[in-house]
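For the sequence shown, the positions run 1032 to 1195 when our numbering is used. See structure below.
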Amino acid sequence: MDSGYALASVGFVVVVGVVAYAYLVGRDTHRLRQGAVLARDLREIARDDAVRLAAVDEFETTLYQRLFFASTVSPRLRSAAWALMATVIGAIGALVTRGDGVVLTVVHGVALVLAVLFGLAALFFVVMAAFHAATTPRVSFAESYAATASAGESAPVRDTADED
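Right, here's the structure in full:
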């Protein structure tokens, strides 16, 4: 029966990990929304001061890059984490319910089917998250800075995010 305790502890660790991950992602998204409100308020305070407006622009750029990620990639990763948790719980259920009898056989089969389905769902959400992370357009002011520099004004910062 020692393997039963090991399986229960693995399941407990996975559940705690997924719940903690979902909580942290939700808290980070809430902080980003508060940052968007702060950026709006800072823009109102800065009004016509070019230096302060430039600082607010930089703050907004990084904030909106993170918000865009949080709205496209993060929900898929969170769904993958929940599906992974269900996969582990289903697999543990399938391992624990092996035995003789009709009820145990049915429960074992259902647990196996659920583990496979949630495993496929986890893979699907991971692939979707990777796809969105790879194809989501990045917010960049490189073209705007280049146009400003060619017009005779000094370019404030050069965007090197795409260079390696």
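Heads up, the beta-carbon is just placed ideally off N, CA and C, and yes, glycines get one too.
| Item | Value |
| --- | --- |
| Alpha carbon of L1073 to alpha carbon of P1106, nearest angstrom | 29 Å |
| Rounded separation between G1150 and G1130 - CA only | 24 Å |
| V1104 - DSSP class collapsed to helix/strand/coil | coil |
| Among S1040, T1103 and R1109, the one whose alpha carbon lies nearest that of P1168 | T1103 |
| Own chain, CB closer than 6 Å to S1034, minus 5 neighbours either side, in chain order | none |
| Within 8 Å, strictly: CB atoms of F1090 and A1070 | yes |
| Beta-carbon proximity of A1142 to V1049, cut-off 8 Å | no |
| Backbone CA spacing between Y1036 and G1121 [nearest angstrom] | 16 Å |
| Whole-angstrom C-beta distance between A1153 and L1115, which should lie under 8 Å | 5 Å |
| Bounding residues of the alpha helix (DSSP H) (the contiguous stretch that carries G1150) | V1133 to T1166 |
| Which of helix, strand or coil DSSP assigns to G1066 | helix |
| Close Cβ partners of A1101 (< 6 Å) along its chain, the five nearest in sequence each way excluded | T1060 and L1063 |
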